[in-house]
Amino acid sequence: MKRLLTVSLLGAAMAAGSAQARDYDTVRIGVDIPYVPMEYRTPSGELAGFDIELGNALCKQAELKCNWVEQGWDGIIPGLMSRKFDAIMSSMTINDERRQQVLFSDPYLVPPSAWFAPTSTSLAGVESSDLKDKNIGVQRGTVQDSYVTDKFGDVANIQRYASADDVAVDMETGRLDIAFLDYPTGQAALLKGGKYKTMGELMTEPKEYFGDGFGIAFRQRDEDLAETFNKALATLKSNGTYDEIHDKYFNEDGTNAPQAGD
Amino acid sequence: MQELLQSIAPWLSDNAIFTPSTLAQYWGGFVNTVQLVFISLVIGLFLAVPLAIGRASPIWLLRKGIWLYTWIFRGTPLLIQLYIAYYGLAFIPGVQDSLIWPLIKDPLYPALLAFTLNTAAYTTEIFYGAIKAMPRGELEAARAYGMSPMLAYRRIILPSALRRALPAYGNEVIFMLHASAIASVVTIADLTGVAYNIYSRYYAPFSAFIFVALCYMVLSFSIQGAFRLLEKRMLAHLKPR
Numbered sequence: 001m002k003r004l005l006t007v008s009l010l011g012a013a014m015a016a017g018s019a020q021a022r023d024y025d026t027v028r029i030g031v032d033i034p035y036v037p038m039e040y041r042t043p044s045g046e047l048a049g050f051d052i053e054l055g056n057a058l059c060k061q062a063e064l065k066c067n068w069v070e071q072g073w074d075g076i077i078p079g080l081m082s083r084k085f086d087a088i089m090s091s092m093t094i095n096d097e098r099r100q101q102v103l104f105s106d107p108y109l110v111p112p113s114a115w116f117a118p119t120s121t122s123l124a125g126v127e128s129s130d131l132k133d134k135n136i137g138v139q140r141g142t143v144q145d146s147y148v149t150d151k152f153g154d155v156a157n158i159q160r161y162a163s164a165d166d167v168a169v170d171m172e173t174g175r176l177d178i179a180f181l182d183y184p185t186g187q188a189a190l191l192k193g194g195k196y197k198t199m200g201e202l203m204t205e206p207k208e209y210f211g212d213g214f215g216i217a218f219r220q221r222d223e224d225l226a227e228t229f230n231k232a233l234a235t236l237k238s239n240g241t242y243d244e245i246h247d248k249y250f251n252e253d254g255t256n257a258p259q260a261g262d
Numbered sequence: 001m002q003e004l005l006q007s008i009a010p011w012l013s014d015n016a017i018f019t020p021s022t023l024a025q026y027w028g029g030f031v032n033t034v035q036l037v038f039i040s041l042v043i044g045l046f047l048a049v050p051l052a053i054g055r056a057s058p059i060w061l062l063r064k065g066i067w068l069y070t071w072i073f074r075g076t077p078l079l080i081q082l083y084i085a086y087y088g089l090a091f092i093p094g095v096q097d098s099l100i101w102p103l104i105k106d107p108l109y110p111a112l113l114a115f116t117l118n119t120a121a122y123t124t125e126i127f128y129g130a131i132k133a134m135p136r137g138e139l140e141a142a143r144a145y146g147m148s149p150m151l152a153y154r155r156i157i158l159p160s161a162l163r164r165a166l167p168a169y170g171n172e173v174i175f176m177l178h179a180s181a182i183a184s185v186v187t188i189a190d191l192t193g194v195a196y197n198i199y200s201r202y203y204a205p206f207s208a209f210i211f212v213a214l215c216y217m218v219l220s221f222s223i224q225g226a227f228r229l230l231e232k233r234m235l236a237h238l239k240p241r
């Protein structure tokens, strides 16, 4: 009897919960760490980075209480779907394939992608003819992965890694000839120390791959929440707060500004 | 039947899992997984038989050496062993200029090395256990017939021990198949790796992973079936009549 009661109460509670739109006093935001300068931990263990600071500013503007939930990239969309958190703000590029799964806010940053190779590379360029039979490293499931797979999948050997750090390690071992990464990621993982350089141009086109920049992802049904964030973003852009945060982390051309304590 | 096909047809045409291109990828992953597991199991098995005999030998150094090897490989996670074989070996000074570098550079060989040594360690212990469990009487009978230890091993101990080890070894084969799912962390496109790629391409985690789970199940049950047949033949004499 007791069990029956619990079950029916639970059912009633669930029915009530789904009937009314969810009231977001506290928004949990999923984030994949570390990804300097977008999101990382300071030596003292605190969260920092462009996404974190902008996200906190957005929550403050929208008068929401926000918690950051750490989640590896592989499981970040399933994590959103399974309600481990209510939003993803983790340098996620907006594109059509992801749009089928999640609802995106307006873009809040459009970073370029770039090729990275050892300074001593013998590669002449980054055309199909240059990359024939070469090993190209990408982060699995990124837009860079999709682009390289479609453009060079037939001529080159594409190695997919779970994180940009793994790509960097295998650049070091010499297993990779070249890597194709988000520019900020590659800059953080490879460009320090002068052993690597970028090759070719920084890329933001074609749009079908590189999408519309980074957006905050929500569950499809949480339109109200996305709208709240969009409004807050527009306000921060017009009152100068956005530029302030942006200039703290990026130079004018999209490259990283030096970090405090770097 | 016709109705069933018609009812699933729209589902099939509107998914990212069963297009010709992804099916080709899954097939590639299937081949890679089977290859990786089969080669490491075969080499592991050939290593394990002499190692198990050595593990049961009266020579102290040999016994303890093999014990140390199985202890290390059974005491650490396969994932760590794979990382050491793949990343660790690459950073040994001089390795990148040596003749074996082309082998280590390819992710397949470090993975084979780690998998082989791991399964050999477990299989050694399984066989060693079977040798130890040899009924005293049979050994004494062999000795009474004047067989040398070599001959006794060849005619009496090994055939009987390998038979007795069969069910446990069947488990080890299936464990190895499942453990091979970590190969994708070193960029090998095995079944799991392909599922990861397709998931991250189409953001359809459940269909991608459930489909490969079914592939693994088919493989597991085939292995199980094969071992059951083998046991039926090899262990027929142990059945109650």
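Chains H and Z, in that order, are what the protein sequence lines are.
For what it's worth, full-length UniProt numbering labels the leading residue of the first sequence as 1, then goes sequentially.
For what it's worth, full-length UniProt numbering labels the leading residue of the second sequence as 1, then goes sequentially.
Each residue gets a CB set at the ideal place from its N, CA and C atoms; glycine is no exception.
On a predicted model such as this, the values are computed, not experimentally measured, just so you know.
Listed in chain order, the alpha helix (DSSP H) elements of length 4 or more contained wholly in the region 162 to 228 of chain H are 164 to 173, 183 to 186, 207 to 210.
Contact between the region 177 to 194 of chain Z and the region 90 to 99 of chain Z is absent, with fewer than three C-beta pairs closer than 8 Å.
Taking a cut-off of 8 Å on C-beta distances, the region 109 to 129 of chain Z touches the region 42 to 55 of chain Z, as three or more cross pairs fall below it.
Interface criterion not met: the Cβ of A161 (chain Z) is under 7 Å from no Cβ in chain H.
E138 (chain Z) is a Cβ neighbour of I156 (chain Z), given a cutoff of 7 Å.
One thing to note: A168 (chain H) has its Cβ within 7 Å of the Cβ of A189 (chain H). Here D150 (chain H) is exposed. Its C-beta has fewer than 16 other C-beta atoms within 10 Å. At least one C-beta of chain H is nearer than 7 Å to the C-beta of P205 (chain Z). Within the region 101 to 124 of chain Z, K105 place their CB atoms closer than 7 Å to a CB of chain H, listed in sequence order. The DSSP assignment places complete alpha helix (DSSP H) segments of no fewer than 4 residues inside the region 34 to 92 of chain H at 50 to 61, 76 to 81, in order along the chain. At least 7 Å separates the CB of R219 (chain H) from every CB of chain Z. T187 (chain Z) belongs to the set of residues whose beta carbon lies under 7 Å from a beta carbon in chain H.
The beta carbon of G72 (chain H) sits no closer than 7 Å to any beta carbon of chain Z.
A distance below 6 Å between beta-carbons, with the five flanking residues on each side excluded, links Q220 (chain H) to the following residues of its chain, in chain order: L103. Contact check for L236 (chain H) against Q71 (chain H) fails: the beta carbons are separated by 7 Å or more. Distance from the Cα of A85 (chain Z) is smallest, within the candidate group Z:V186, Z:E231, Z:P20, Z:P240, for Z:V186. Against chain H, the beta carbon of Q35 (chain Z) has no neighbour under 9 Å; the closest one sits roughly 18 Å away. Beta-bridge partners of G30 (chain H) (DSSP): H:V69, H:I88. When DSSP reads this structure, W115 (chain H) sits in a beta bridge with H:F180, H:M199. Q139 (chain H) and S113 (chain H) do not touch by the CB rule: their CB atoms are close to 11 Å apart, not below 8 Å. Contacts with chain H at 7 Å (Cβ-Cβ) include S200 (chain Z). Among the CB atoms of chain Z, one or more fall inside 7 Å of the CB of Q101 (chain H). Along the region 74 to 103 of chain H, going in chain order, the ones with a CB nearer than 9 Å to a CB of chain Z are D74, G75, I77, P78, M81, E97, R98, Q100, Q101, V102. Contacts with chain Z at 7 Å (Cβ-Cβ) include T173 (chain H). Neighbours of Q96 (chain Z) in chain H, taken as residues whose beta carbon is under 8 Å from its own, are T173, G174 in chain order. Counting along the chain, V173 (chain Z) sits inside no beta strand (DSSP E); it lies in the alpha helix (DSSP H) bounded by residues 158 to 179. Taking A226 (chain Z) as the centre and dropping the five residues before and after it, the same chain places no C-beta closer than 6 Å to its C-beta. It is roughly 55 Å from the alpha-carbon of Y196 (chain H) to the alpha-carbon of L162 (chain Z).
Looking at the backbone, the Cα of Q81 (chain Z) and that of D247 (chain H) are separated by about 44 Å. Taking 7 Å as the Cβ-Cβ cut-off, the region 73 to 88 of chain Z approaches chain H at Y87, given in chain order. Residues of chain Z with a Cβ closer than 7 Å to the Cβ of Y161 (chain H) are, in chain order, T187.
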